[in-house]
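Residues in the sequence shown are numbered consecutively from 521, following our numbering.
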Amino acid sequence: METAVKVGSKEYVSKKTVKRRLIEQRYLMIMLLPALIWAVLFAYLPMAGLYMAFVNYQPSLGNFWSSLFHSEFVGMYWFDYFFNNGDFYIIMRNTLASTLLTLLVSFPAPIIIAIALNEIKNAMFKKTMQTVSYLPHFISWVIAANIVVTVLSSDGIVNKLLQLLHLTDKSILFLQEGKYFWWIVAFGNTWKEMGYSSIIYLAAISSINLELYEAAKVDGAGRFKQIIYVTLPHLKPTIVILLILSLGGVLNAGFDQHYLLGNGLNQEYSDVLSTYSFRYGLQNSMFSYASAVGLFSSVVAFILVVIVNFSSKKLNNQSLF
Numbered sequence: 521m522e523t524a525v526k527v528g529s530k531e532y533v534s535k536k537t538v539k540r541r542l543i544e545q546r547y548l549m550i551m552l553l554p555a556l557i558w559a560v561l562f563a564y565l566p567m568a569g570l571y572m573a574f575v576n577y578q579p580s581l582g583n584f585w586s587s588l589f590h591s592e593f594v595g596m597y598w599f600d601y602f603f604n605n606g607d608f609y610i611i612m613r614n615t616l617a618s619t620l621l622t623l624l625v626s627f628p629a630p631i632i633i634a635i636a637l638n639e640i641k642n643a644m645f646k647k648t649m650q651t652v653s654y655l656p657h658f659i660s661w662v663i664a665a666n667i668v669v670t671v672l673s674s675d676g677i678v679n680k681l682l683q684l685l686h687l688t689d690k691s692i693l694f695l696q697e698g699k700y701f702w703w704i705v706a707f708g709n710t711w712k713e714m715g716y717s718s719i720i721y722l723a724a725i726s727s728i729n730l731e732l733y734e735a736a737k738v739d740g741a742g743r744f745k746q747i748i749y750v751t752l753p754h755l756k757p758t759i760v761i762l763l764i765l766s767l768g769g770v771l772n773a774g775f776d777q778h779y780l781l782g783n784g785l786n787q788e789y790s791d792v793l794s795t796y797s798f799r800y801g802l803q804n805s806m807f808s809y810a811s812a813v814g815l816f817s818s819v820v821a822f823i824l825v826v827i828v829n830f831s832s833k834k835l836n837n838q839s840l841f
């Protein structure tokens with residue numbers, strides 16, 4: 521017999537009950553073992569390397585672990601160096617501007633696509649549109665960046681269209697002028713991921729009870745009002761969870777797109793935390809400095825997730841944990 525003690529609004533299950541459940545679900549636990557082993561080997565054990573951010577790492581002292589743990593301990597030196605040199609403001613400005621602009625453009629896009637696809641009644645046309653919208657996700661950023669460069673080139677389709685509409689007299693060199701870079705990345709990310717991201721919202725929409733739509737029809741609601749008063753309220757929990765996850769990655773502007781679309785002419789706008797740490801870590805061999813920059817980004821992301829999750833739980837009673 522299972523026993524549980526209720527204290528206030530929380531219920532505590534006895535140790536005997538937990539042990540019994542573990543025995544009953546032993547096969548499920550065994551199936552989880554590969555994922556657990558993978559997480560330990562590739563997610564938790566490498567975290568020992570974070571120590572590199574607090575030492576002056578010299579790879580010439582022997583093997584990796586010997587070099588790491590015998591390097592001079594410098595404490596917060598590399599963090600202080602990052603915060604006080606002239607790069608901090610520019611890097612943080614670029615990272616936040618690019619990420620927040622991408623979030624502003626790309627976050628509503630999959631919601632709109634999911635709702636639009638749900639409203640399509642022709643099954644063949646619906647499947648075709650789904651496939652077309654999903655395809656960019658499976659293209660690597662190497663190919664996607666080349667497409668963006670071609671489209672925005674001086675003789676690309678965008679410049680030709682602008683000249684055809686008499687919006688400009690000469691070609692605009694989009695990737696050579698930094699002021700356009702954040703918008704290019706924002707729309708590039710949106711184009712590449714909006715179709716694939718809509719799958720989650722489509723799954724949430726498919727779980728909505730159809731009787732709610734029928735009841736709305738009886739009350740005189742058209743398709744637009746059904747979306748407003750039935751579809752969107754049921755999508756709210758999914759939207760909140762994904763927004764929390766998105767805000768947690770606010771300092772992860774994306775390495776691939778910034779590295780591939782960036783160049784010497786737009787570096788003042790294209791250099792973000794990920795490309796900055798790559799340049800100093802691998803190209804300039806300042807491994808400890810790059811580790812400090814990466815650790816700073818991860819800690820801020822964790823704090824943001826906790827804050828946004830707590831705020832959402834208090835305001836909307838929706839949270840990730």
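Positions of the beta carbon are idealized from the N, C-alpha and C atoms, including for glycine. Here the structure is a predicted model, which means the values were calculated and not measured.
Asked, Found
"Comparing alpha-carbon positions, which option in Asp-600, Trp-703 and Thr-651 lies nearest Leu-624?", "Trp-703"
"Count Cβ pairs between the region 563 to 572 and the region 802 to 816 that sit closer than 8 Å; are there 3 or more?", "yes"
"Throw me the rounded Cβ distance for the Leu-722 and Ala-634 pair, which I believe falls under 8 Å.", "5 Å"
"Check whether the Cβ atoms of Gly-768 and Ala-821 lie closer than 8 Å to each other.", "yes"
"Could you spell out the range, first to last residue, of the alpha helix (DSSP H) harbouring His-754?", "752 to 768"
"By Cβ distance below 8 Å, which residues in the same chain neighbour Ile-725 in space, the five residues on each side in sequence not counted?", "Ala-634, Ile-635, Asn-638, Thr-751, His-754 and Leu-755"
"Hey, could you find the ends of the alpha helix (DSSP H) Tyr-749 is sitting in?", "First-last for Tyr-749: undefined, no H or E at that position."
"Taking only three categories from DSSP, how would you classify Val-575?", "strand"
"Go ahead and label Lys-857 buried or exposed: buried means 16 or more other beta carbons lie within 10 angstroms of its beta carbon, across all protein chains shown.", "Examination of residue 857 is not possible in this model, given that the chain is present from 521 through 841 alone."
"For Glu-592, name the three-state secondary structure that DSSP assigns.", "strand"
"Taking its Cβ as the centre, do 16 or more other Cβ atoms sit within 10 Å of Trp-661, making it buried, or is it exposed?", "buried"
"Go through its chain and collect everything with a Cβ distance to Tyr-779's Cβ below 6 Å, but skip five positions before and after it.", "Thr-795"
"What number of angstroms, rounded off, separates the C-alpha of Lys-745 from the C-alpha of Ile-640?", "16 Å"
"State the CB to CB distance for the pair Gly-698 and Asn-786, rounded to an integer number of angstroms; the pair is presumed to be in contact (CB under 8 Å).", "4 Å"
"Considering Cα atoms alone, identify which of Tyr-789, Thr-651, Asp-776 and Gly-784 is closest to Phe-798.", "Asp-776"
"Can you list, in chain order, the residues of its chain with a C-beta nearer than 7 Å to that of Arg-613? Leave out the 5 residues immediately preceding and following it.", "none"
"Measure the beta-carbon distance from Thr-622 to Leu-793 and round it to whole angstroms, keeping in mind my assumption that it falls under 8 Å.", "In fact, because the Cβ distance is near 14 Å, the residues do not count as touching under 8 Å."
"Could you name the residues of the same chain whose beta carbon sits closer than 7 Å to that of Ile-611, not counting the 5 residues immediately before and after it, in chain order?", "Asp-791, Val-792, Leu-793 and Tyr-796"
"Are there 16 or more other CB atoms within 10 angstroms of the CB of Leu-561, so buried, or fewer, so exposed?", "exposed"
"Using 7 Å as the cut-off, classify the Cβ of Tyr-601 as near or not near the heavy atoms of the ligand GTP, replying yes or no.", "With respect to small molecules bound, the structure shown includes none, and the ligand GTP cannot be examined in it."
"Exposed or buried, which one is Trp-558 when buried takes at least 16 other CB atoms within 10 Å?", "exposed"
"Among Asn-783, Gly-801 and Ser-766, which residue has its Cα nearest to the Cα of Val-826?", "Ser-766"
"I need the DSSP call for Gly-606, collapsed to helix, strand or coil.", "coil"
"Evaluate Ala-467 with the Cβ neighbour count: other Cβ atoms within 10 Å of its Cβ, from every protein chain shown; 16 or more gives buried, anything less gives exposed.", "Because the chain in this structure spans residues 521 to 841, residue 467 falls outside the shown range and cannot be described."
"Within this structure, are the beta carbons of Ser-674 and Ser-718 separated by less than 8 Å?", "no"
"What are the boundary residues of the alpha helix (DSSP H) that includes Phe-775?", "775 to 781"
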